[in-house]
Amino acid sequence: MNAVPSTPPAPNTRCASLDAWVADVAALTCPDAIHWCDGSAAEYDALLSGMQADGTLLPLNPDTHPGCWLHRSDPDDVARVEHLTFVCTRDRDDAGPNNHWMAPDEAHRKMDALFEGCMRGRTMYVVPYCMGPIDSPLARCGVEITDSPYVVANMRLMTRMGAAALARIERESADRDAAGEQGDVFVRGLHSIGELDPARRFIMHFPEELAIKSFGSGYGGNALLGKKCHALRIASWQARQEGWLAEHMLIVGIETPRGDTHYIAAAFPSACGKTNLAMLIPPAAYREAGWKVWTVGDDICWMRPGPDGRLWAINPEAGFFGVAPGTSAASNPNALATIQRDTIFTNVALTDDGQPWWEGLDDRVPATDWRGRPFDPANGPAAHPNARFTVSAAQCPSYSPRAEDPQGVPISAIVFGGRRATTMPLVFEARDWTHGVYVGATMASETTAAATGQVGIVRRDPMAMKPFCGYHFGDYFAHWLSFDRPGARLPKVFHVNWFRKDADGRFLWPGFGENLRVLEWIIGRVRGDVSAVDTEIGRLPCPGAIERPASVPDDAALATILSYDASTWSTECAEARQALAAYRTRLPAGL
Ligand code: SAT
Ligand code: MN
9 MNAVPSTPPA PNTRCASLDA WVADVAALTC PDAIHWCDGS AAEYDALLSG MQADGTLLPL
69 NPDTHPGCWL HRSDPDDVAR VEHLTFVCTR DRDDAGPNNH WMAPDEAHRK MDALFEGCMR
129 GRTMYVVPYC MGPIDSPLAR CGVEITDSPY VVANMRLMTR MGAAALARIE RESADRDAAG
189 EQGDVFVRGL HSIGELDPAR RFIMHFPEEL AIKSFGSGYG GNALLGKKCH ALRIASWQAR
249 QEGWLAEHML IVGIETPRGD THYIAAAFPS ACGKTNLAML IPPAAYREAG WKVWTVGDDI
309 CWMRPGPDGR LWAINPEAGF FGVAPGTSAA SNPNALATIQ RDTIFTNVAL TDDGQPWWEG
369 LDDRVPATDW RGRPFDPANG PAAHPNARFT VSAAQCPSYS PRAEDPQGVP ISAIVFGGRR
429 ATTMPLVFEA RDWTHGVYVG ATMASETTAA ATGQVGIVRR DPMAMKPFCG YHFGDYFAHW
489 LSFDRPGARL PKVFHVNWFR KDADGRFLWP GFGENLRVLE WIIGRVRGDV SAVDTEIGRL
549 PCPGAIERPA SVPDDAALAT ILSYDASTWS TECAEARQAL AAYRTRLPAG L
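Under this note's numbering, the first residue of the sequence shown is numbered 9, with each subsequent residue one higher.
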């Protein structure tokens, strides 16, 4: 006997492939309920109240921090897990030696087994989002399905999430259908916190299918799929196919006393000060002279050549997921002002009157540590070293109005840098684009608490993309080189190091606001109105070109910071050459 055909479910959207995927995921994961997120304030408030009721979020002191919340992660789930992060391409070589790889079929099987029935007793949230200004041709959409209301709330702060994003997905899919084209107009991200068991945790990327599957972690970079998974790993793959760049870079606008604004994109590894540089406050003398700093983005930059040959960039994100420890009135007053209200804090400590606390906030003392225990220094730092704040970028006092410009901003300079106690001078300029790509490809930095594993080890981290490039680094370097073509007006490329130390382990350079002195030199080079000294490593500032900050004792000390040592440098080159050799089979001849 034939079964009675069941009535197909009523469509939820005008995008049939999205409806079908959501139905398939629901059939696999068996949630109690499905909630399509509209991104409204009412929806956000309801999510927060629900999380307050079940203890996922604790309200912070409403007088000092209105609208702020604390989330405490599982102690085994506090950072990205690079060893559990995979790029699953049909051809293993396409993922490259820079990624962990698994065959797509095997990865889907493994992940689907984990997802089977995992949302029983939970609500499944469908989260449409747009990376980039909603009406920007450079922006791209995705849909994250998750069973974590904490993830939904964070996605609302970090992306343009909800009805407007869904409308763009519907419009683009209708356009694609009308043009008879194949493929999806959105990235499919499936996420479950599972049981937060590190033994059942994987972050899988399928760039050929524009898909992500993440299981077993609720932590930012593992779970907010719009961020590293989509906007870097999948987007870098798409960018290569489509002729643009998806980079791990802040974007900052520097307005000079003449009234011109130069946009600089800078790649530093996680927890190396991108947020601080993006929100820099000029030293007093610069402020008085008329210098201003405009924040466009603090972590990710998508850029493509415009009709004028320049690279035009957007920040695909709408919020900041910043490192809390070290954020202070001295290091980053703009960030501190930004997170005074309507912020979700993760794994910070608390004062006895319910204010968030972390190392670097010296005016208060912690009462409770990040795990909720009475603070005892014997247990380690009060805040987790990778404790975070999530906040809408619109709350930042230095947020640039141009950050919402659909066309993006033109990039004048690209800056690479890392944490290097030795070897690397404060700043140097690459001789040309190819040399700049070499400088980015060979950069290195000391590891930080943003990923699990040992902290403080120097590792090569090309373009700060080692954990985030969704394909073979050899192909990636070749893609970078390909931008140097007739008609291109490419940015100048620089390398900086704020973290050089003396023999006693003290930082030689004050950093933070004083870094504007270096950016001023960079802008002078871009404009062509300051000269430089040609050396074997690149172009260095002429003596006197960078003014000495008060904390640098004398001109000799400044000269040390600005200099390099030829024998240390030749070791550096040998190590860099060895690191590049790992990509030998696809390394472009230009490098
Ligand atoms: O990956 S996260 O966004 O969680 C933090 C980082 O490493 O930049
Ligand atoms: Mn980052």
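Ideal Cβ placement from N, Cα and C applies to all residues, glycine included. Here the structure is a predicted model, which means the values were calculated and not measured.
Does the distance between the C-beta of residue i and the nearest non-hydrogen atom of the ligand SAT fall short of 6 Å?
| i | result |
| --- | --- |
| G448 | no |
| R88 | yes |
| A458 | yes |
| K236 | yes |
| F515 | no |
| G425 | no |
| F476 | no |
| F329 | yes |
Within 10 angstroms of the Cβ of residue i, are there 16 or more other Cβ atoms? Answer buried if so, exposed if not.
| i | result |
| --- | --- |
| P206 | exposed |
| D656 | As shown, the chain starts at 9 and ends at 599. That puts residue 656 outside it, with no answer to give. |
| G388 | exposed |
| T593 | exposed |
| C550 | exposed |
| P433 | buried |
| S559 | exposed |
| T430 | exposed |
| A293 | exposed |
| E544 | exposed |
| E124 | exposed |
| V260 | buried |
| A54 | exposed |
| P83 | exposed |
| V12 | Because V12 carries a pLDDT of 46, less than 50, the predicted location of this residue cannot be relied on, and no value is offered for it. |
| I465 | exposed |
| G47 | buried |
Does the beta-carbon of residue i, which I'm using as the reference point, lie nearer than 6 Å to any heavy atom of the ligand MN?
| i | result |
| --- | --- |
| D307 | yes |
| S156 | no |
| S453 | no |
| S181 | no |
| S278 | yes |
Could you tell me which residues DSSP puts in a beta bridge with residue i?
| i | result |
| --- | --- |
| V501 | I422 |
| S200 | F223 |
| S453 | R467 |
| L78 | L66 and F353 |
| E263 | T269 and K300 |
| T398 | F329 and I352 |
| Y133 | H43 and T154 |
| A274 | L258 and V423 |
| M169 | Y137 |
State the DSSP-derived secondary structure class of residue i, mapped to helix, strand or coil.
| i | result |
| --- | --- |
| T154 | strand |
| L218 | coil |
| T579 | helix |
| W310 | strand |
| Q586 | helix |
| Y479 | coil |
| H540 | According to the sequence provided, residue 540 is Ala. The question's His does not apply to it. In this structure, A540 counts as strand in the three-state DSSP scheme. |
| Y484 | helix |
| K474 | coil |
| W245 | helix |
| M287 | coil |
| S181 | helix |
| L92 | helix |
| S600 | Residue 600 cannot be examined here, being either before or after the span of the chain that is shown, 9 to 599. |
| W252 | coil |
| C280 | coil |
| Y591 | coil |
| W378 | coil |
| M9 | Because the pLDDT of M9 is 39, which lies under 50, any placement of that residue in the model is unreliable, and the number read from its coordinates should be weighed accordingly. If DSSP states are grouped into helix, strand and coil, M9 belongs with coil. |
| I211 | strand |
| W109 | strand |
Return yes when the C-beta of residue i is under 6 Å from any heavy atom of the ligand FAD, and no when it is not.
| i | result |
| --- | --- |
| M139 | In terms of ligand content, the structure shown lacks the ligand FAD and carries the ligand SAT and the ligand MN instead. |
(request) Examine the Cβ distances between the segment 246-256 and the segment 312-330 and report whether three or more of them are shorter than 8 Å. (result) When Cβ pairs closer than 8 Å are counted between the two stretches, the segment 246-256 is seen to touch the segment 312-330, the count reaching three or more.
(message) Counting beta carbon pairs with one atom in the segment 421-439 and one in the segment 500-519, are three or more of them shorter than 8 Å?
(response) yes
(request) Could you tell me whether the segment 338-350 touches the segment 54-67, where touching means 3 or more Cβ pairs closer than 8 Å? (result) Cβ pair count under 8 Å is below three, so no.
(request) State whether the segment 532-549 contacts the segment 283-303, with contact taken as three or more CB pairs (one from each stretch) at a distance under 8 Å. (result) As far as the Cβ criterion goes, the segment 532-549 does not touch the segment 283-303, which means the pair count is below three.
(message) Three Cβ pairs or more, each shorter than 8 Å: is that satisfied between the segment 210-225 and the segment 189-197?
(response) yes
(message) I want to know whether the segment 206-215 touches the segment 181-189 - three or more CB-CB distances under 8 Å.
(response) Contact check between the segment 206-215 and the segment 181-189: fewer than three CB pairs, one atom from each, fall below 8 Å, which does not count as touching.
(message) Measuring CB atoms only, is the segment 359-370 touching the segment 405-419, in the sense that at least three cross pairs come out at less than 8 Å?
(response) no
(request) Assess, as a yes-or-no matter, whether the segment 128-140 is touched by the segment 30-39 under the definition of 3 or more beta carbon pairs within less than 8 Å. (result) yes
(request) Decide if the segment 99-110 is in contact with the segment 469-481; the criterion is three or more beta carbon pairs, one per stretch, under 8 Å apart. (result) yes
(request) Inspect the CB distances between the segment 412-431 and the segment 267-278 and report whether three or more fall short of 8 Å. (result) yes
(request) Kindly confirm or deny that the segment 327-341 and the segment 148-160 touch, where touching means at least three C-beta pairs closer than 8 Å. (result) no
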